[in-house]
Amino acid sequence: MTAEVRTGAPAHGGLRAWLLAETVTSPAQARAQKLYLGWRRFASNPLALIGLGIVVMLILLAIFAPLVATYDPFAQSLERRLLPPSGAHWLGTDELGRDIWSRIAYGARITLMIVLLVALIAAPLGLLIGTVAGYLGGWVDVALMRLVDVFLSFPGLILALAFVAALGSGLENAIIAIALTAWPPIARLARAETLTVRRADYIAAVRLAGASDLRIIVRHIMPICIPSVIIRITLNMAGIILTAAGLGFLGLGAQPPSPEWGAMLSTGRAYMLGSWWLAAMPGIAILVVSLGFNLLGDALRDVLDPRAS
Amino acid sequence: MAAGGTAVASRGGAGAAGRDRADRLRRLGREVFRQASAVGISLFGLLAITFFIGRMLPLDPVIAVIGDDAPQSTYDMVYRELGLDRPLWEQFAIYVGKVLRGDFGVALNTSNRVADDLLRVFPATVELATVSIVIGVGLGIPFGVIAAVHRGRMIDHIVRVVGLIGYSAPNFWLGLMGLVVFYATLGWVGGPGRVSVFYIDMIEPRTGFLLIDSLLENEPDVFWSAVEHIILPASILGYSSTAYIARMTRSFMLEQLSQEYVITARVKGLSRARVVWRHAFPNIMVQLVTVIALAYAFLLEGAVLTETVFAWPGFGRYLTLGLLAGDMNVVLACTLIVGLTFIVLNLISDILYHLLDPRTR
Numbered sequence: 005m006t007a008e009v010r011t012g013a014p015a016h017g018g019l020r021a022w023l024l025a026e027t028v029t030s031p032a033q034a035r036a037q038k039l040y041l042g043w044r045r046f047a048s049n050p051l052a053l054i055g056l057g058i059v060v061m062l063i064l065l066a067i068f069a070p071l072v073a074t075y076d077p078f079a080q081s082l083e084r085r086l087l088p089p090s091g092a093h094w095l096g097t098d099e100l101g102r103d104i105w106s107r108i109a110y111g112a113r114i115t116l117m118i119v120l121l122v123a124l125i126a127a128p129l130g131l132l133i134g135t136v137a138g139y140l141g142g143w144v145d146v147a148l149m150r151l152v153d154v155f156l157s158f159p160g161l162i163l164a165l166a167f168v169a170a171l172g173s174g175l176e177n178a179i180i181a182i183a184l185t186a187w188p189p190i191a192r193l194a195r196a197e198t199l200t201v202r203r204a205d206y207i208a209a210v211r212l213a214g215a216s217d218l219r220i221i222v223r224h225i226m227p228i229c230i231p232s233v234i235i236r237i238t239l240n241m242a243g244i245i246l247t248a249a250g251l252g253f254l255g256l257g258a259q260p261p262s263p264e265w266g267a268m269l270s271t272g273r274a275y276m277l278g279s280w281w282l283a284a285m286p287g288i289a290i291l292v293v294s295l296g297f298n299l300l301g302d303a304l305r306d307v308l309d310p311r312a313s
Numbered sequence: 006m007a008a009g010g011t012a013v014a015s016r017g018g019a020g021a022a023g024r025d026r027a028d029r030l031r032r033l034g035r036e037v038f039r040q041a042s043a044v045g046i047s048l049f050g051l052l053a054i055t056f057f058i059g060r061m062l063p064l065d066p067v068i069a070v071i072g073d074d075a076p077q078s079t080y081d082m083v084y085r086e087l088g089l090d091r092p093l094w095e096q097f098a099i100y101v102g103k104v105l106r107g108d109f110g111v112a113l114n115t116s117n118r119v120a121d122d123l124l125r126v127f128p129a130t131v132e133l134a135t136v137s138i139v140i141g142v143g144l145g146i147p148f149g150v151i152a153a154v155h156r157g158r159m160i161d162h163i164v165r166v167v168g169l170i171g172y173s174a175p176n177f178w179l180g181l182m183g184l185v186v187f188y189a190t191l192g193w194v195g196g197p198g199r200v201s202v203f204y205i206d207m208i209e210p211r212t213g214f215l216l217i218d219s220l221l222e223n224e225p226d227v228f229w230s231a232v233e234h235i236i237l238p239a240s241i242l243g244y245s246s247t248a249y250i251a252r253m254t255r256s257f258m259l260e261q262l263s264q265e266y267v268i269t270a271r272v273k274g275l276s277r278a279r280v281v282w283r284h285a286f287p288n289i290m291v292q293l294v295t296v297i298a299l300a301y302a303f304l305l306e307g308a309v310l311t312e313t314v315f316a317w318p319g320f321g322r323y324l325t326l327g328l329l330a331g332d333m334n335v336v337l338a339c340t341l342i343v344g345l346t347f348i349v350l351n352l353i354s355d356i357l358y359h360l361l362d363p364r365t366r
């Protein structure tokens with residue numbers, strides 16, 4: 005065994021053979037094999053691939069918005085108002101003559117930003133509350149989990165509406181409001197994961213070595229919970245997108261002239277009967293992206309928990 | 006588990022009936038206590054969250070009442086009147102007392118008491134949600150069972166994809182598109198509102214449910230107009246319930262169909278339909294009750310946006326109008342009512358669970 009093989013580079017028989025070898029020679033290979041087999045199960049499901057494709061497209065659209073947009077998303081042109089879809093304007097133009105396709109392309113950035121920021125706020129918050137409750141137990145656990153239950157007894161949109169009403173409308177406040185409603189399921193999950201490891205020998209060993217509770221939670225328990233938390237938040241992304249679009253539609257999220265899809269739909273509503281494309285196109289964009297996340301989430305669940313399929 | 010054990014242990018033997026009943030009563034008492042304390046804590050949390058949201062306002066509540074250029078003496082008076090000089094826990098106690106008396110303040114839009122407004126608008130939402138849940142149950146359960154029975158075949162995939170689209174589509178957008186296609190273009194259904202403008206306020210509300218009131222007053226024209234108006238929003242809300250109920254039915258059914266008693270029944274020569282509907286289906290009914298209660302609760306959430314689109318004079322539209330007017334009294338009252346509805350529905354589904362599941366008897 006040379007050092008090179010042990011660090012995981014495929015030596016003979018190509019990558020495929022290495023990934024399917026029955027005897028594993030390194031931890032890296034074992035991990036790679038697990039990933040590969042998971043991927044094969046994932047890829048055997050056409051719906052999963054469609055979901056992944058949609059999410060990848062959203063990301064590409066957001067990154068390359070300036071390249072794929074055919075017009076300036078904010079450029080108004082009064083003689084080009086309310087044009088139906090055509091070769092020049094693929095998805096038509098809106099009431100101020102702005103190109104809808106270009107606005108949707110830039111809107112992908114806002115959608116992606118909302119989803120990522122909500123995940124970045126809600127995941128650590130849920131992780132912290134869940135692990136602290138699970139590790140410390142006792143009345144801390146009871147109090148925190150009661151709080152989670154109360155939050156879960158509200159539908160997300162209503163609670164987000166109440167928060168936005170208090171904070172004031174705008175994209176930032178909408179993101180904060182959605183994040184404040186998105187953490188409880190994550191906290192519950194992180195607590196369950198913590199309960200399975202808190203009595204483990206390695207935790208006892210670290211405690212005997214003199215580590216503080218804080219250190220044990222942050223350095224030794226949280227890393228265990230992170231993979232399932234990431235998967236859980238991916239499953240919730242479709243819901244986050246729909247809530248954000250709903251807030252935008254009510255005029256409480258991103259404000260005009262921002263090309264946020266929900267806000268576009270909201271302005272398009274006034275022109276709905278004469279110019280259906282104003283409201284139809286951003287709605288289709290929301291539908292496709294949320295469907296993509298749902299398909300992806302469904303498939304991830306199947307791969308990770310084969311019994312549930 | 007423990008409950009099942011005592012039930013089995015106390016079944017046989019002389020004088021078992023009396024012991025059995027005492028045992029059951031004791032367990033029932035424990036269960037009621039557990040439920041009551043859970044509901045109490047949830048209600049307290051609900052009040053705490055709405056109180057907290059009410060205090061989160063970036064603007065000064067005193068200025069919101071008296072305006073910018075009132076003299077300092079007025080400011081101090083209102084400050085004391087609103088109870089802002091008291092400690093926080095005392096303010097919370099005052100808030101709880103008001104809520105318990107049904108005092109949510111006055112709505113800016115209507116100048117009515119919020120509690121009166123809520124009583125007026127809530128039946129419209131309940132009517133819409135009830136028609137929607139009938140659609141959701143009527144379609145969702147058969148589709149879920151069919152998908153489970155034909156697992157992995159074409160029909161299963163179709164049900165799955167149609168269901169996922171139901172999950173993914175923003176229902177306010179479906180509403181708008183539905184209005185464009187079925188109302189404006191095809192003219193098959195009524196437009197926005199609960200009933201045609203000619204009939205508005207013609208019916209004296211008795212139950213508050215227009216479909217029932219119009220029949221009670223023997224006004225078939227109004228009844229049909231109401232049917233025409235409710236069918237589109239109810240179908241759109243019902244679609245998302247159908248998706249949810251079908252999905253859960255499918256997974257419950259798959260679990261049952263893999264059990265040995267199903268194979269036994271088939272081996273005995275019973276038809277597949279009989280095994281599915283008479284043997285497997287009754288076993289999932291208990292779980293479905295919980296799912297349906299939850300679906301009904303989620304209709305309230307869907308109603309906020311759908312009612313806005315259809316100008317449906319229910320609770321959701323009342324909430325959004327209050328929101329846009331920046332009226333915290335309305336927003337907090339509506340949030341409380343939704344939270345309360347969720348708690349009550351959860352409680353009802355728990356109770357039904359205990360009544361329906363023979364193992365808990």
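Residue numbers (the working numbering), protein chains in the order written: chain C, 5 to 313; chain W, 6 to 366.
Just so you know, even glycine gets a beta-carbon here, dropped at the ideal spot from N, CA and C.
Local conformation of residue 130 (chain W) per DSSP, three classes: The sequence position of residue 130 (chain W) within the second sequence is 125, counting from 1. Reduced to three states, the DSSP call for residue 130 (chain W) is helix.
Label residue 321 (chain W) either buried or exposed according to how many other C-beta atoms from any shown protein chain fall within 10 Å of its C-beta, with 16 as the threshold for buried. Your numbering for residue 321 (chain W) matches position 316 in the second sequence. Residue 321 (chain W) comes out buried.
Quick one: list the residues of chain C neighbouring residue 47 (chain W), beta-carbon separation under 9 Å, in chain order. Taking the second sequence and counting its residues from 1, the one referred to as residue 47 (chain W) is at position 42. Result: 150, 153, 154, 157.
Can you say whether residue 82 (chain C) is buried or exposed, counting buried as having 16 or more other CB atoms within 10 angstroms of its CB? As a position in the first sequence, residue 82 (chain C) is number 78, starting the count at 1. Label assigned to residue 82 (chain C): exposed.
Closest by CA to residue 84 (chain C), which one among C:125, C:99, C:275, C:200? Mapped onto the first sequence, residue 84 (chain C) falls at position 80. Selected option, being the one with the closest Cα: C:99.
Just verifying my parser: in three-state terms, what is the DSSP assignment at residue 55 (chain W)? Start at 1 with the first residue of the second sequence, and residue 55 (chain W) comes out as number 50. Helix.
DSSP beta-bridge partners of residue 111 (chain W): Here residue 111 (chain W) corresponds to residue number 106 of the second sequence, with the count starting at 1. Paired residue(s): W:118.
Taking residue 161 (chain W) as the reference, give the member of W:308, W:151, W:329 with the closest Cα. The residue given as residue 161 (chain W) occupies position 156 in the second sequence. Nearest of W:308, W:151, W:329 to residue 161 (chain W), Cα basis: W:151.
Does the stretch 314-334 of chain W come close enough to the stretch 136-154 of chain W to have 3 or more Cβ pairs within less than 8 Å? no
Does the Cβ-Cβ distance between residue 291 (chain C) and residue 59 (chain C) come in under 8 Å? As a working mapping, residue 291 (chain C) is identified with position 287 in the first sequence. As a working mapping, residue 59 (chain C) is identified with position 55 in the first sequence. Contact: no.
Have a look at W:306, W:304, W:303, W:295 and flag the residue whose alpha-carbon is nearest the alpha-carbon of residue 359 (chain W). Here residue 359 (chain W) corresponds to residue number 354 of the second sequence, with the count starting at 1. Nearest C-alpha to residue 359 (chain W): W:295.
Members of the stretch 279-299 of chain C near chain W, C-beta cut-off 7 Å: 280, 283, 284, 287, 290, 291, 294, 295, 298, 299
Closer than 8 Å, CB to CB, is residue 94 (chain W) near chain C or not? By 1-based counting over the second sequence, the position of residue 94 (chain W) is 89. It does not; no Cβ of chain C falls within 8 Å.
Please work out which residues of its chain come closer than 7 Å, Cβ to Cβ, to residue 215 (chain W), disregarding the five sequence neighbours upstream and downstream, and give them in chain order. Position 210 of the second sequence holds residue 215 (chain W). Correct list, in chain order: 132, 199, 200, 208, 231.
Amino acids of chain W, ordered along the chain, whose beta-carbon sits closer than 8 Å to that of residue 255 (chain C): As a first step, residue 255 (chain C) is located in the first sequence; it is residue number 251 there, counting from the start. Going along chain W in sequence order, the residues near residue 255 (chain C) (Cβ under 8 Å) are 329.
Between residue 227 (chain W) and the rest of its own chain, which residues show a CB-CB distance below 8 Å, the 5 nearest in sequence each way excluded? The sequence position of residue 227 (chain W) within the second sequence is 222, counting from 1. The answer, listed in chain order, is 200, 204, 207, 208, 215, 219.
Looking at residue 164 (chain W) and residue 148 (chain W), is the spacing between their C-beta atoms short of 8 Å? Here residue 148 (chain W) refers to the residue found at position 143 of the second sequence. Here residue 164 (chain W) refers to the residue found at position 159 of the second sequence. Yes.
Among the residues of its own chain, which have a CB less than 7 Å from the CB of residue 313 (chain C), if the five just before and after it don't count? The residue given as residue 313 (chain C) occupies position 309 in the first sequence. Low confidence applies here, because residue 313 (chain C) scores a pLDDT of 40, under 50, leaving its location unreliable; read the following figure in that light. Closer than 7 Å at Cβ, skipping near neighbours: 306.
Taking the alpha-carbon of residue 138 (chain C) as reference, which of C:161, C:236, C:193 has the nearest alpha-carbon? Residue numbering aside, residue 138 (chain C) sits at position 134 when the first sequence is read from its first letter. Taking only the C-alpha atoms, the option nearest residue 138 (chain C) is C:193.
Cutoff 8 Å; reference residue 63 (chain C); Cβ partners in own chain excluding five residues on either side: On the first sequence, residue 63 (chain C) is found 59 positions in, with the first residue counted as 1. The residues are 116.
Per-residue contacts from residue 167 (chain C) into chain W (C-beta, under 9 Å): Numbered from its first residue, the first sequence carries residue 167 (chain C) at position 163. Those within 9 Å of residue 167 (chain C) in chain W are 58, 61.
Can you round the beta-carbon distance between residue 157 (chain C) and residue 268 (chain W) to whole angstroms, since I take them to be within the 8 Å contact cut? Your numbering for residue 157 (chain C) matches position 153 in the first sequence. Your numbering for residue 268 (chain W) matches position 263 in the second sequence. Incorrect: roughly 40 Å between the Cβ atoms, too far for contact.
Within a Cβ cutoff of 7 Å, which residues of the same chain sit near residue 69 (chain C), ignoring the five residues on either side of it in sequence? Position 65 of the first sequence, counted from the start, is the residue given in the question as residue 69 (chain C). So the qualifying residues of the chain are 109, 110, 112, 113.
Using a C-beta cutoff of 8 Å, does residue 54 (chain W) count as contacting chain C? Counting from one through the second sequence, the residue named residue 54 (chain W) turns up at place 49. By this cut-off, residue 54 (chain W) is an interface position.
Is the CB of residue 189 (chain W) under 8 Å away from at least one CB in chain C? Along the second sequence, one-based indexing puts residue 189 (chain W) at 184. With 8 Å as the cut-off, residue 189 (chain W) counts as an interface residue toward chain C.
Using only CA atoms, which one of W:273, W:129, W:224, W:289 lies nearest to residue 235 (chain W)? Residue mapping note: residue 235 (chain W) aligns to position 230 of the second sequence, counting from 1. Selected option, being the one with the closest Cα: W:129.
Terminal residues of the alpha helix (DSSP H) in which residue 355 (chain W) lies: As a first step, residue 355 (chain W) is located in the second sequence; it is residue number 350 there, counting from the start. Segment 333-361, the alpha helix (DSSP H) holding residue 355 (chain W).
Quick one: give me the first and last residue of the alpha helix (DSSP H) that residue 78 (chain C) is part of. Here residue 78 (chain C) corresponds to residue number 74 of the first sequence, with the count starting at 1. That residue, residue 78 (chain C), is in no alpha helix (DSSP H); it is neither H nor E in DSSP.
So, with DSSP's three-state summary, where would you put residue 97 (chain C)? Locating residue 97 (chain C) in the first sequence gives position 93, where the first residue counts as 1. Here residue 97 (chain C) sits in strand by DSSP.
Below 7 Å between beta carbons is the criterion; list the residues of the stretch 150-182 of chain W that meet it against any residue of chain C, in chain order. 169, 170, 172, 173, 174, 175, 177, 178, 181, 182
Please confirm if the stretch 37-50 of chain C is in contact with the stretch 278-292 of chain C, defined as three or more CB-CB distances below 8 Å between the two stretches. no
I want to see whether chain W comes within less than 8 Å of residue 209 (chain C), judged by CB atoms only; does it? Along the first sequence, one-based indexing puts residue 209 (chain C) at 205. No, residue 209 (chain C) lies away from the interface with chain W (no Cβ there is under 8 Å from its Cβ).
Any beta carbon from chain W within less than 8 Å of residue 44 (chain C)'s own beta carbon? The sequence position of residue 44 (chain C) within the first sequence is 40, counting from 1. No, residue 44 (chain C) lies away from the interface with chain W (no Cβ there is under 8 Å from its Cβ).
Backbone secondary structure at residue 103 (chain C) - three-state DSSP: Position 99 of the first sequence holds residue 103 (chain C). Looking at residue 103 (chain C) - three-state DSSP - the assignment turns out to be strand.
C-beta contact flag for residue 301 (chain W) and residue 122 (chain W) at 8 Å: Counting from one through the second sequence, the residue named residue 301 (chain W) turns up at place 296. Counting from one through the second sequence, the residue named residue 122 (chain W) turns up at place 117. Taking 8 Å as the Cβ cut-off, residue 301 (chain W) and residue 122 (chain W) do not qualify as a contacting pair.
Among W:245, W:202, W:280, nearest to residue 233 (chain W) - alpha-carbon criterion: Along the second sequence, one-based indexing puts residue 233 (chain W) at 228. Closest option to residue 233 (chain W), Cα to Cα, is W:202.
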